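What follows is a short report on a single structure.
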Amino acid sequence: MTEIKLGPLRFRASRPTRASLARAAQATWSIVALPVIAIVLALVVGYVVIVASQLLVPGRAIDLLLPLNAYATLFGGAFGSFDGIVRTLVSSTPLIFGGLSVALAFRAGLFNIGAQGQFLLGALGAVWIGVAVRDQPALFAIPVALLAAMLAGAAWGFIPGFLKAISGAHEVVTTIMLNYTAYSVIAWAVSGPLDQPGSASPITDTVGNAGLPILLGRTGHAGIVVALVAVAFVWWLLFRTTRGFEIRTVGANPDAARYAGMRPRFIMVLTMTLAGALAGLSGASVLLGVTRYMTASFGTTVGFDSIAVALLGRSHPVGVVFGALLFGAMRSGALVMYGQTRIPAEIVDVLQATILFFLVAAPVLRRVLRLRDVRSELGTTETLTRTYGSEAVTR
Amino acid sequence: MSAELDVATVRAPALEMRGVSKRYPGVLANDHIDLDVRPGEIHALLGENGAGKTTLMNVLYGLARPDEGEILLDGQPVTIHGPADAINQGISMVHQHFMLVPVFSVADNILLGAEVMRDPIFINRAEAHRRIVELGRRFGFDVDPEVRVGSLSVGWQQRVEILKALYRNARILVLDEPTAVLTPQETEEIFAVLRRLADAGHSIIFISHKLYEVLQIADRITVIRRGRVVGQRLPAETNEEDLAELMVGREVALVVDRGESHPGEVRLEIRGLRVRDDRGHEAVQGVDLEVRAGEIVGVAGVAGNGQDELVEAIIGLRPVAGGRISLEGRDVTTWSPRDMNEAGVGYVPADRHRFGVVLSFSIADNLSLTSYYKAPFARGLVRDEAAIESTAEERIRKFDVRTPTATAPANTLSGGNQQKLIVAREFGGETRLLVLDQPTRGLDVGSIEFIHRQTIAKRDAGAAILLVSAELDEVLEVSDRIAVMYRGRVVAIRDGRTADKNEIGLLMATGGEEREARAAGSAA
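From first to last, the protein sequence lines are chains A and B. Okay, so the first sequence: first residue is 1 according to the working numbering, each after it adds one. Okay, so the second sequence: first residue is 1001 according to the working numbering, each after it adds one.
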């Protein structure tokens, strides 16, 4: 009898009997049920929104099939062609890093809303060093630029972790403030030290050889490979190392962690720093792989979408990959959808926000649908809901 | 009103609880409890912690639904759906921890929640003030309704709580350990208030485990132990010894043969230890204690007399304010929990859900919780899953933890099995010193016996054992020596085999005489 482990899933693989298959199916369902239900409900809400939005166009007949048509083109745009798949991978890549960042923090009982700021700082680090080493060989320039991004993001994550450890300042508050600070830092750097002389608007030089090579099609850069390495690393860290055990224990029961001789405050600082490094890589993957330079208006909502991705992935590295692929696919398919159905790409924002809404309402969903939840070490929603009251660790 | 009617209303109990039973998973908290309180009576409910007093009052207050039994008010059966309903029916509770808003005035605190019942929109403050002042004057506490509650002393805050109840027309007043937070003078004052309330026809249920207070204030005393009424007394026909015996229980259901002990060298030595509690008060005030190898020292005491702080200081979870702790001659006063664990100190915490287990983790992970970072559970930074599981399976077998697999989460275990899990972890290795804080609290008889046997086996293997328990029976059954803690001090040390239960019970409740305490301290 061999044992197959898929993260929290564990199958004892002997000859599969009907009962064992049923058990495995049940175990799988208990993990994926919530995300799947949240997605389905979001699609239902999106359906209503799309139908209703037709009322805004004067003299247009209501087409009840339009939403289905939209979803079909959305899906087709994301996965229906080679270009679509490449686009999906490219937009998923920063979400994988970002989702890992938020998920890792969730595991330690921390709510990293600051992924956005760490993302920006990571991108800044990547462009700053990337421009400096742009004429060096790629084998040197790329790792150095990635490292710079990690360090910058890590620094931006270390600050709230450190503040919480020494004073109990809540990371939700400090990371939100650091997000705003990050925007200002970017604006300053791009219009000041990094500005290209002679350009009309503030813009940096391009990163040259530090840019990530294109592996697939015209835009499929190597960031996805780095992202998958990061997934494996975070999984290994969380579930195979003593450090990860400490992180998970601090997240699940900080008092028990103290009793067991762990140092919750050190773990919080470490986790926030690592989370910052991951979000920093997210910024680097966009900057080095897609834009290759930075303007003062650089920045997407990747950092915020990452929160939804982490929730969708139930704070598990493998789950994060699926969450990121879904959100990436929506972004990738949105323009195709617009082109074919004239439904604005912003409907994707509605879908994503609705998914997030239903995920955060998980306790309600679970009660209404009578779902038995798999023991999640820390229901991430617990971290969301208990945020302002968790003083146990700060002693 | 005719004479007969008058007599009838005086004699009929204002409140009667008949055959109330409440079962929680694993414990029968209330086992067919009968209680009646007459108008104008102060009725004391006496029992050790965990005896079922709080559960019974939760049933009365509508916070818990009884599995069996009924509640009668003035002879009429009633159902109480919740605290609001209880208040409506004239039942009020003054909690041990006050439910007051410190930044609000006395009047605001009293009106809080009550004002809507009168008029859902407007508050008639003048009228409210008048009533508060009048109520206060009638029962002997003149309080300015406009003063901020936060600026009042604890004793006065308690009076505001009582006033709050009276303002809501409470006829039956439940006071849960009202004197726990008061100074002796404040206690005297509150007793005077209670007496005046009773004289005015209110019924008062006074919950306590302090014997002398109960004798002083109560008209009638009902003693409960392990969920059952074990006796009822009038203060005139009883004394502290009698009540202690009732409360603690004479015959012991289950005594594990503790055998002979062969104490060796001093393992744990505590000198002049001072420790502060969470609020900064000195909970441990100069404790001297030693535990030898191959010896079980039981610490008896009513919960909240500094035992938890003492234990947490030894383990390294709580900083020491003064004094010294040594382990095998080394000064370990400032050691961390990890240092102590490395030195072979096992610890079973009182609050197992908070400290002892991570409920969402597997049993195997929980069994490695305190030594997850070293062999055989890890090589360097990498955990050895196979070793974690095989060690777990071995300990599950040895300590008879009832579970299908080692990978099941700890929250699938019963309370007794969770405690066995902790025992399996802490007793499993090479142990120099074991610190057990309430190791059998809330467990069934079988699990208690098991843990006692393991404790004695550990002693016979040469470990030094410090056992803290609020259950006097437990301390008497397994200890070789008994230290009695009272108000942060060790007031007496007795031999475990010859100790007199009544004497210890009395020492727990009263602290004994100061002279005796000093003699015991120097002998230790």
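All C-beta atoms in this analysis are idealised placements derived from N, C-alpha and C, irrespective of residue type, glycine included. As the structure is a computational prediction, the values presented were derived from the model and not from experiment.
Per DSSP, the bridge partner or partners of residue i
i	result
B:N1366	Paired residue(s): none; B:N1366 is not in a bridge.
B:Y1486	B:R1489
B:P1409	B:S1362
A:T295	A:I203
B:E1290	B:E1269
B:H1043	B:I1205, B:R1220
A:T241	B:V1382
Under the three-state DSSP convention, the category residue i falls into
i	result
B:E1477	helix
B:H1353	helix
A:H221	strand
B:M1017	strand
B:Y1347	strand
B:D1437	strand
B:A1464	strand
B:R1383	strand
B:S1469	strand
A:F233	helix
B:E1295	strand
B:N1030	strand
B:R1453	helix
B:I1325	strand
B:E1213	helix
A:V374	Interpretation of A:V374 is limited by its pLDDT of 46, a score under 50 that renders its predicted location unreliable; the figure taken from the coordinates is listed afterwards. A:V374: coil per DSSP, three-state reduction.
C-beta contact flag for residue i and residue j at 8 Å
i	j	result
A:Y183	A:G299	yes
B:A1499	B:L1466	no
B:V1275	B:E1241	no
A:I96	A:V320	yes
B:L1163	B:L1197	no
B:S1261	B:D1480	yes
A:G98	A:D255	no
A:R107	A:S297	no
A:R331	A:V348	yes
B:K1458	B:L1434	yes
B:A1218	B:G1140	no
B:D1036	B:G1227	no
B:V1133	B:V1106	no
B:R1324	B:R1271	yes
A:G289	A:G223	yes
A:R250	A:P317	According to the sequence displayed, residue 250 of chain A carries Val and not Arg. Not a contact, by the Cβ cut-off of 8 Å.
A:A149	A:G125	yes
A:G130	A:A210	yes
Residue from the options with nearest C-alpha to residue i
i	options	result
A:R87	A:V348, A:V350, A:G328	A:G328
A:L194	A:R243, A:V127, A:R258, A:W236	A:V127
A:L43	A:L351, A:F357, A:T301	A:L351
A:G122	A:L146, A:L212, A:D135, A:N112	A:L146
B:I1205	B:Y1061, B:L1243, B:S1153, B:N1341	B:Y1061
B:I1438	B:T1054, B:L1035, B:V1348, B:L1381	In the sequence as displayed, the identity of residue 1438 of chain B is Gln instead of Ile. Out of B:T1054, B:L1035, B:V1348, B:L1381, B:V1348 has the C-alpha closest to the C-alpha of B:Q1438.
B:L1166	B:G1322, B:L1100, B:I1087	B:I1087
B:R1168	B:N1109, B:S1360, B:A1014	B:N1109
A:L68	A:V226, A:Q196, A:V48	A:V48
A:A396	A:T17, A:L120, A:Y338, A:L215	Lying outside 1 to 395, the shown extent of chain A, residue 396 of chain A is not represented and no answer is given.
B:F1104	B:S1336, B:E1146, B:G1488, B:M1340	B:E1146
A:G168	A:F266, A:T219, A:A141	A:F266
B:P1319	B:G1329, B:W1335, B:L1327	B:W1335
B:H1353	B:L1234, B:A1364, B:A1300, B:N1411	B:N1411
B:E1546	B:V1401, B:G1150, B:A1064, B:S1368	Nothing can be reported for residue 1546 of chain B: it is not among the residues displayed for chain B, which extend from 1001 to 1524.
B:G1304	B:G1090, B:A1283, B:L1289	B:A1283
A:T203	A:T291, A:D135, A:A345, A:F162	A quick correction: the sequence has Ile, not Thr, at residue 203 of chain A. Residue A:T291 is the option with its Cα nearest to A:I203.
A:M177	A:R60, A:W156, A:I62	A:W156
B:G1416	B:D1257, B:R1441, B:E1016, B:M1057	B:R1441
Any non-hydrogen atom of the ligand MN closer than 7 Å to residue i Cβ
i	result
A:V86	Because no ligand of any kind appears in the structure shown, any question about the ligand MN cannot be addressed here.
If you scan the region 1224-1275 of chain B from start to end, which runs of the alpha helix (DSSP H) of 4 or more residues do you find wholly inside it?
1240-1248
Under 9 Å (Cβ pairs) to chain C, residues found in the region 258-282 of chain A:
Of the protein chains in the structure, A and B, none is chain C.
Could you name each continuous beta strand (DSSP E) segment of 3 residues or more that falls completely within the region 1080-1150 of chain B, going from the start of the chain to the end?
1091-1094
At 4 residues or longer, and completely inside the region 135-172 of chain A: list those alpha helix (DSSP H) runs for me, N to C.
138-167
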